[in-house]
Amino acid sequence: MKTILCYGDSNTWGYHAEEDGARYPFDVRWTGRLAKALGSGYRVIEEGLNGRSIGFEDTIEPYRNGYDYVIPCILTHEPIDLMVIMLGTNDTKGRYALTPSEISYEMENFLQRVKSQFMWDRQGADILLVSPALFGDGEIEEEFGDAARQKAKKLAPYFKQLAEDYGCFFLDAGELIKAHGCDNIHFSPEDHRLFALEIENKIREIFA
33 MKTILCYGDS
43 NTWGYHAEED
53 GARYPFDVRW
63 TGRLAKALGS
73 GYRVIEEGLN
83 GRSIGFEDTI
93 EPYRNGYDYV
103 IPCILTHEPI
113 DLMVIMLGTN
123 DTKGRYALTP
133 SEISYEMENF
143 LQRVKSQFMW
153 DRQGADILLV
163 SPALFGDGEI
173 EEEFGDAARQ
183 KAKKLAPYFK
193 QLAEDYGCFF
203 LDAGELIKAH
213 GCDNIHFSPE
223 DHRLFALEIE
233 NKIREIFA
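Quick note, the sequence shown lines up with residues 33 to 240 if you use our numbering.
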């Protein structure tokens, strides 16, 4: 059985914008759809957290630093065959004041930490780095704003280069979907369905 760890933010957790932050049911979330599509030969583990950043320590929303939690997370679920990493949306928030280049640097540090742990454990796990989906076309929350929208559009080339540099697989979610939740940040049920299909295809390609 292949174990797939999905490490992300609110779109991995399943944030339901229309229901004021309730969680979509498992069979609606992309991770749940992925688990069903892949079948009994795979174990899909959800590790999503609302507001999670790549590596920024947020004093307003504590415990959201993805860098700090990732090693305990890996140790909890090992052995792991594939780790899907989809982070970066929250790092575009205005209060973080990070450029796309600085967000990429955060991700590089994050990948170094994950790769080092997999080497230490001799797991040989693969990594699928996903550049996050783009914001929708309408208004978005003030803590993001138009500057965040522009930053998000620039992340994919940086993340693609990191994937090449660190021997990771890569998928650009921004080429596939935009967020169609009512806040233009979070996935709609249809977004979850479409993203699950794309991730499934990529995973089958990886394990072919």
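Glycine is no exception: its CB is placed at the ideal position from the N, C-alpha and C atoms.
Inside the stretch 45-88 only - beta strand (DSSP E) runs reaching at least 3 residues: Within the stretch 45-88, the complete beta strand (DSSP E) runs of at least 3 residues fall at 74-80.
Work out the CA separation of I231 and P111 for me, nearest whole Å. 21 angstroms
Taking only the alpha-carbon atoms, compute the straight-line gap between E140 and P57 and give it to the nearest angstrom. 33 angstroms
For the alpha helix (DSSP H) that contains S136, what are its first and last residues? P132 to W152
Cα-Cα separation between H86 and G120, rounded to whole angstroms: Per the sequence shown, the amino acid found at residue 86 is Ile instead of His. Approximately 6 angstroms, taken between the alpha carbons.
Range covered by the alpha helix (DSSP H) that runs through T35: Where T35 is concerned, there is no enclosing alpha helix (DSSP H), although the beta strand (DSSP E) around it starts and stops at K34 to G40.
Using the three-state DSSP reduction, which class does F227 fall into: helix, strand or coil? Three-state result, F227: helix.
Tell me which residues share the same chain as N97 and place their Cβ nearer than 7 angstroms to its Cβ, disregarding the 5 neighbours each side in the sequence. S85, G87, F88 and E89
Which stretch, first to last residue, makes up the alpha helix (DSSP H) that contains L194? G177 to D197
Use the C-beta contact count for D179: other C-beta atoms within 10 angstroms, 16 or more gives buried, fewer gives exposed. This sequence places Ala at residue 179; Asp is not what is there. Exposed: under 16 other Cβ atoms inside 10 Å.
Going by DSSP, what residues sit across from I217 in a beta bridge? Residue pairing of I217 in beta bridges, as defined by DSSP: absent, with no partner found.
Sequence-distant residues of its chain with Cβ nearer than 6 angstroms to Y149 (five each side left out): Checking the sequence shown, residue 149 turns out to be Gln, not Tyr. The residues are I103 and I106.
Mind checking which residues open and close the beta strand (DSSP E) that includes I117? L114 to M118
In whole angstroms, give me the CA-to-CA distance for R225 and R145. When rounded, the distance between both Cα atoms is 31 angstroms.
Just reading off the beta strand (DSSP E) that L203 is part of, what are its end residues? F201 to D204
Let me check understanding here. Comparing Cα to Cα, which of T44, A195 and I117 lies closest to V60? T44
Under the three-state reduction of DSSP, which class applies to L161: helix, strand or coil? strand
DSSP puts K210 in a beta bridge; with which residues? L166
Candidates F176, D158 and P189, of which the one nearest C200 by Cα: D158
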